[in-house]
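First comes the structure, then the notes that go with it.
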Amino acid sequence: MIYAKRIVRCLVFIIGLIGLLTASSFVFQPKNNMSEFGMEEVSANGILGEKEHSIDVLVLGDSESYSSIIPLQIWKDTGYTSYVCGSPAQSLDYSQVLLHRTFEKQSPKIVILETNAIYRPVSDSSAAIAKLADHFSVFQYHDRWKSLGWHDFTGKSKFTWTDDYKGYRYNARVLASTKKDHMVKTETKAEIPELNIKYIAEIKEFCDENGAKLVFLSTPSTVNWNYERHNGIQNLADQIGCEYIDLNLMNEQLKINWEEDTRDKGDHLNHFGAAKVTRFLSDYLTETGLLTDHRPDADYAKWNDSLSRYESVVKNA
Amino acid sequence: MFAINSYFSLGYLLLFLPVSVGLYAILPQKLRRWVLLSSSCLFFWAISGKLIAYLVFSVFSIHHIGVWLSSIQQGCDRLLETAPKEERKAIKAQYLKQQRGVVAFGVIIHIGILLVLKYTPFFAENINTLFGALHIPVTFEIPSFVLPIGISFYTLQAVSYIFDVYRRKIQADRNLIRLALYMSFFPQIMEGPICRYSDTAEQLWEAPRIRYENFMFGSQRILFGMMKKMVVADRLNLLIKTVFSDYPNYDGFVIAVSAVCYTIQLYMDFSGTMDIVIGTGQIFGIKMPENFERPFFSKSISEFWKRWHITLGTWFKDYIFYPLSMSKPLKKLTSHARKRLGNHFGPLISGAIALFCVWICNGLWHGAGWNYIFFGLYHFTWILLGNIADPLFIWITKKLHINRNNFFYRCMQMIRTSILVCIGELFFRANGLRAGLTMFQKIFTDFSLQTVYDRSIFTFGIDRYDCLIVLVALSIVFIISVLQEHHIQVRKQISKQNMVVRFAAYYALILLIVVFGAYGKGYIPVDPIYAGF
Chain A
1 MIYAKRIVRC LVFIIGLIGL LTASSFVFQP KNNMSEFGME EVSANGILGE KEHSIDVLVL
61 GDSESYSSII PLQIWKDTGY TSYVCGSPAQ SLDYSQVLLH RTFEKQSPKI VILETNAIYR
121 PVSDSSAAIA KLADHFSVFQ YHDRWKSLGW HDFTGKSKFT WTDDYKGYRY NARVLASTKK
181 DHMVKTETKA EIPELNIKYI AEIKEFCDEN GAKLVFLSTP STVNWNYERH NGIQNLADQI
241 GCEYIDLNLM NEQLKINWEE DTRDKGDHLN HFGAAKVTRF LSDYLTETGL LTDHRPDADY
301 AKWNDSLSRY ESVVKNA
Chain B
318 MFAINSYFSL GYLLLFLPVS VGLYAILPQK LRRWVLLSSS CLFFWAISGK LIAYLVFSVF
378 SIHHIGVWLS SIQQGCDRLL ETAPKEERKA IKAQYLKQQR GVVAFGVIIH IGILLVLKYT
438 PFFAENINTL FGALHIPVTF EIPSFVLPIG ISFYTLQAVS YIFDVYRRKI QADRNLIRLA
498 LYMSFFPQIM EGPICRYSDT AEQLWEAPRI RYENFMFGSQ RILFGMMKKM VVADRLNLLI
558 KTVFSDYPNY DGFVIAVSAV CYTIQLYMDF SGTMDIVIGT GQIFGIKMPE NFERPFFSKS
618 ISEFWKRWHI TLGTWFKDYI FYPLSMSKPL KKLTSHARKR LGNHFGPLIS GAIALFCVWI
678 CNGLWHGAGW NYIFFGLYHF TWILLGNIAD PLFIWITKKL HINRNNFFYR CMQMIRTSIL
738 VCIGELFFRA NGLRAGLTMF QKIFTDFSLQ TVYDRSIFTF GIDRYDCLIV LVALSIVFII
798 SVLQEHHIQV RKQISKQNMV VRFAAYYALI LLIVVFGAYG KGYIPVDPIY AGF
């Protein structure tokens, strides 16, 4: 009898705890996707404010991704909608969080993962917290206690904001790269951390389950990329059955000029380099035959508004 | 993902510990000890991998040395039973010599491994500096070794076992598994407490079944430890890291605040870890010795060290201080000094020599660096001065009609002791002795309250809200400490309340950790400080 009583008591305690964590997660969850509401990485999370099931291509990755891909140019060239969920020094645990968040209201057919993030070590603690935050967001947003207001206890989450540039970060600065021969052929493979391989497997599985094609993309960078890394990613892509495009080996097509197309000595591309990468990507997306041109669709009229604002800024810069 | 790298890692708290406890709970008594041993090996392996070989070697060697000592003792006893009275002294001396040889062999092996792994780079560096100063053209290559976790702790346990067998306090254990359990029990391997064989070996071998009360009390203590570490120690880390790594850019006030914060951090980190360690032991029904007894209520440095890292202090007392004090040369010195200096000051000289050795060892045990040696000597100086000046203070307070048991007087003593401790910790944390001296000097030569007036003090890693939450958590710890000082057992008091009140208390503690814990993006949790020693 006493054992039964204790078990019931433990169950009541656990149920109460789950209730408490759920309630606190409700309170701590940002009520909008803007920084004033406590949202992190606002530009990447701008996708939450996009119209439901309107995004065709999702791009995940670190600063290489938002420096190299211009969604509004893809829109202009092809009529495909894309969004760059890139954030500085993004690690795969956060890429996975963004992937899951996106698929709650979107159904992109292609997910592009910029490969620099695959080599960034994921700390065990941040991976574990991300897993817990999957169920109880209080583990991710607990630090918002400093800025909680009454509306956090009463209001529902409603994400209304989106980035006009769809995650791309415009930068036209030129600072030439001193290194030009960063892709010296070798058989050596750079080692990918074990935990990261696990994350990639989970991301691939998630994409397969949701009918999305996962593509690895290495954008040009003389600082972050080399042949060892290329081999490591190629090997991983072959193992999990995933397409891999390494733009560092395709300069004859891209024609990246390292004197003019980088903003920080080859670390990241500038706007001119990004335009070249994006042109290539537009062609690639068209070739896949998976996507529809939305330009004639009136529901997508706002994309044209964004495009004209973007073009006026780029022209005036 | 759920890696095990400390007692605060989610891998340990959410996976390793629950699985170990679960297996322990469902298996019969004979298998439980195997659960403990395999969990301990797995834990060690998860952190130090192949370096587990050092621990295995230690276990085998103390087992062998214990048995060796025991056989010498038995041989001696057998001879003494039949030997004529006049030969007994010679037999005893002969066997004592043999035993001392074995003890020396065992101690040299264990302390030798520790010295080589931990101190070779320090000694090599200093010899190179010395040779450089003397223009001797010889330079030693500075090696670097990877230390197995807890080597400073389990080595002391091994040495205490050898000494205790030698002193016949315990019988040599012929059961290798029991010895292995004593040496490797996973909750204590990383940061202690430094247990004696008589403290835990038998309990671990018995492997009592898990009792509901123990499970509840142990879990509560683990939560309390997590609160200390995650809410206070980790939150203060940003400020401490910022100031200590860039001290030339901060004024004396900021440095003083950082020294106080570091002292708090060290206490919260280490005592928080001890709460997890002892709480884990309690879940398994193993009672481990306490390592802290509210040290900041100490009225002198000497008392402080009886309340702070107790098991290390008693180890030094039992295996260094007493043997030295009781050695023939020091005994002789005491009797000479007693004749010349009287009963108070006479014994102080030999006591000071033994104390000096203890504090040099204490400093070096904490780390291979001059700042650690300084830290040891700093405490040695205050303890010695306290011993010398005690009669003078008693005389002065008597003359001034001050009641030494007066609450206000005791508070002043506690504050004075805490200030002295904070100064010691400043040197302990500083990046080298020179940095420590500069920082200490700046407190007096560059003191300014400018950072308070312009509120820039809240921009060095912790803001006003952080300070507030640290103060709230410290208040909780303080209230509980006061209650404990008055022998009120808080957990027992809570357990007497009805279910709603009890659950509310537990939920409040959990929420305090989840919401106010300094984890996730933007925080750098402090590495378990004592695990590094």
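So the protein lines, in turn, are chains A and B.
Position 36 (the first sequence) corresponds to 36 in this note's numbering; numbering is contiguous.
Position 284 (the second sequence) corresponds to 601 in this note's numbering; numbering is contiguous.
Glycine is no exception: its CB is placed at the ideal position from the N, C-alpha and C atoms.
Note that the coordinates shown come from a computational prediction; the quantities given were computed from them, not determined experimentally.
Roughly how many angstroms lie between the CA atoms of residue i and residue j, to the nearest whole one?
i      : j      : result
A:N226 : A:V12  : 56 angstroms
B:T472 : A:V184 : 51 angstroms
B:G630 : B:A370 : 28 angstroms
A:W161 : A:I47  : 8 angstroms
A:D299 : A:S54  : 9 angstroms
B:V717 : B:F710 : The sequence shown places Leu at residue 717 of chain B, rather than the Val named in the question. Roughly 10 angstroms separates the two Cα atoms.
A:V111 : B:Q537 : 46 angstroms
B:W699 : A:I118 : 55 angstroms
B:I271 : B:Q599 : Absent from the model: residue 271 of chain B. The displayed extent of chain B is 318 to 850, so no value can be given.
A:G149 : A:S125 : 29 angstroms
B:E458 : B:A441 : 7 angstroms
B:L330 : A:A128 : 11 angstroms
A:G61  : A:C85  : 7 angstroms
A:K315 : A:A89  : 29 angstroms
B:K410 : B:A524 : For the record, residue 410 of chain B in the displayed sequence is Ala; it is not Lys. In a straight line, the C-alpha of B:A410 is about 40 angstroms away from that of B:A524.
A:H135 : A:V215 : 28 angstroms
Would a check of beta-carbon distances place residue i closer than 8 angstroms to chain A?
i      : result
B:F820 : yes
B:V832 : yes
B:S326 : yes
B:L828 : yes
B:A782 : The displayed chain sequence assigns Tyr, not Ala, to residue 782 of chain B. It does: the Cβ of B:Y782 has a partner Cβ on chain A nearer than 8 angstroms.
B:N322 : yes
B:Y499 : no
B:Y341 : no
B:Y584 : no
B:G753 : no
B:Y695 : no
B:G596 : no
B:Y836 : yes
For residue i, which residues in the same chain have their Cβ closer than 8 angstroms to its Cβ, ignoring the five residues on either side in sequence?
i      : result
A:V122 : S91, L92, D93, P193, L195, N196 and Y199
B:L354 : I494, A497, L498 and S501
Indicate whether at least one CB of chain B lies closer than 8 angstroms to the CB of residue i.
i      : result
A:G211 : no
A:K146 : yes
A:F13  : yes
A:G49  : no
Excluding sequence positions up to five away, which residues of its chain have a Cβ less than 7 angstroms from the Cβ of residue i?
i      : result
A:Q29  : S137, Y141 and S157
A:F159 : N32, N33, L48 and G49
B:L766 : F570
A:Q234 : Y244
A:E64  : E114, N116, T219, S221, N224 and H268
Under 6 angstroms Cβ to Cβ from residue i, same chain only, skipping five residues before and after it: list those, please.
i      : result
B:T456 : N445
B:F724 : none
B:L701 : A669
A:S35  : V42
B:W625 : P612
B:P448 : Correcting the residue type first, residue 448 of chain B is Phe in the shown sequence and not Pro. Excluding residues within five positions, the ones whose Cβ falls inside 6 angstroms are V455.
A:H230 : D246
* **Interface positions of the segment 114 to 144 of chain A facing chain B (Cβ-Cβ less than 8 angstroms), listed along the chain** => D124, S125, S126, A127, A128, I129, K131, L132, V138, F139, Q140, H142 and D143
* To do: Using a Cβ-Cβ cut-off of less than 9 angstroms, give me the residues of the segment 21 to 45 of chain A that come near chain B, in sequence order.
  => L21, S24, F28 and E40
* Give the residues from the segment 651 to 668 of chain B that approach chain A closer than 7 angstroms (Cβ to any Cβ), ordered along the chain. => none
* Asked: If we count Cβ pairs, one from each stretch, closer than 8 angstroms, do we get three or more for the segment 245 to 256 of chain A versus the segment 275 to 286 of chain A?
  -> yes
* To do: With 7 angstroms as the C-beta to C-beta threshold (strictly closer), list the residues of the segment 359 to 392 of chain B near chain A in chain order.
  => none
* Please name the residues in the segment 619 to 645 of chain B whose beta-carbon is closer than 9 angstroms to at least one beta-carbon of chain A, in chain order. => none
* the segment 719 to 739 of chain B / the segment 552 to 571 of chain B touching (three or more Cβ pairs under 8 angstroms) -> no
* To do: Count the CB pairs spanning the segment 463 to 479 of chain B and the segment 341 to 353 of chain B that are closer than 8 angstroms, and state whether there are at least three.
  => no
* Asked: Does the segment 100 to 107 of chain A come close enough to the segment 791 to 803 of chain B to have 3 or more Cβ pairs within less than 8 angstroms?
  -> With the cut-off at 8 angstroms, the segment 100 to 107 of chain A and the segment 791 to 803 of chain B do not touch.
* **the segment 739 to 748 of chain B / the segment 527 to 541 of chain B touching (three or more Cβ pairs under 8 angstroms)** => no
* **Short-range partners of chain A found in the segment 521 to 535 of chain B, where Cβ spacing is below 7 angstroms** => Contact residues of the segment 521 to 535 of chain B toward chain A are Y529 (C-beta to C-beta distance below 7 angstroms).
* Name, going along the chain, the residues of the segment 795 to 825 of chain B whose beta-carbon falls closer than 8 angstroms to a beta-carbon of chain A. => Answer set for the segment 795 to 825 of chain B: M816, F820, Y823 and Y824.
* Asked: Taking three-plus beta-carbon pairs below 8 angstroms as touching, is the segment 282 to 295 of chain A in contact with the segment 68 to 80 of chain A?
  -> yes
* Asked: Using 8 angstroms as the Cβ pair cut-off and three pairs as the minimum, do the segment 504 to 521 of chain B and the segment 399 to 415 of chain B touch?
  -> no
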